[in-house]
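*Asks:*
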Amino acid sequence: MTGADDPGQLAAVLAAKAARHPDVAWLSSGAFRTISTPVRGGTVVGVAVRSTAVEVGLVTRFGRSIPDIVAEVRDVLAPLAGGRVVHVFVEDVVAGLGGGAPKDG
124 MTGADDPGQL
134 AAVLAAKAAR
144 HPDVAWLSSG
154 AFRTISTPVR
164 GGTVVGVAVR
174 STAVEVGLVT
184 RFGRSIPDIV
194 AEVRDVLAPL
204 AGGRVVHVFV
214 EDVVAGLGGG
224 APKDG
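Residue numbers (the working numbering): 124 to 228.
(1) Pick helix, strand or coil for residue 130, following the three-state DSSP scheme.
(2) Is it right to say residue 174 is buried, meaning 16 or more other beta carbons lie within 10 angstroms of its own, or is it exposed?
(3) Would you identify the three-state DSSP class for residue 190, choosing helix, strand or coil?
(4) Note down the Cα distance separating residue 134 from residue 180, rounded to an integer number of angstroms.
(5) Per DSSP, which one or two residues make a beta bridge with residue 165?
(6) Comparing alpha-carbon positions, which option in 129, 217, 128 and 140 lies nearest residue 197?
(7) Relative to the C-alpha of residue 131, which candidate in 206, 162 and 145 has its C-alpha closest?
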């Protein structure tokens, strides 16, 4: 199975790439915790790999245009998504963070 065929592996790769964007504070599983992919030993929070699409939930840092951030993240992830459409959702915007992400995603 290639990375694009294994939902868990693909979700982990996409989550790592999305989290590296400078305007992404952390990934979010959404209000109903549906933006996640089950993997052995847990879940990949913030990326849901479906058969024809990938959903990505973000919490962004305040300061830049949200549509610009979404487009940049989508452009980075689309070539890695194995032909799936990439949907990027901004779940929240935060300002003045001194620490890391909350533990509950």
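The beta-carbon is built from N, C-alpha and C at its ideal position, and this holds for glycine as well.
*Replies:* With the given structure in hand:
(1) Within the sequence shown, the letter at position 7 stands for residue 130. Residue state, collapsed to three classes: helix.
(2) In the sequence shown, the residue the question calls residue 174 occupies position 51. Residue 174 is exposed by the Cβ-count criterion.
(3) If you number the sequence shown from 1, residue 190 lands on position 67. Residue 190 falls in the helix class under three-state DSSP.
(4) One-based indexing of the sequence shown puts residue 134 at position 11. One-based indexing of the sequence shown puts residue 180 at position 57. Roughly 12 angstroms separates the two Cα atoms.
(5) For the purposes of this step, residue 165 is identified with residue 42 of the sequence shown, where counting begins at 1. The partner list for residue 165 (beta bridge, DSSP) reads 162.
(6) As a first step, residue 197 is located in the sequence shown; it is residue number 74 there, counting from the start. It is 140 whose Cα lies nearest to the Cα of residue 197.
(7) Numbered from 1 along the sequence shown, position 8 holds the residue referred to as residue 131. For the residues 206, 162 and 145, the minimum Cα distance to residue 131 belongs to 162.
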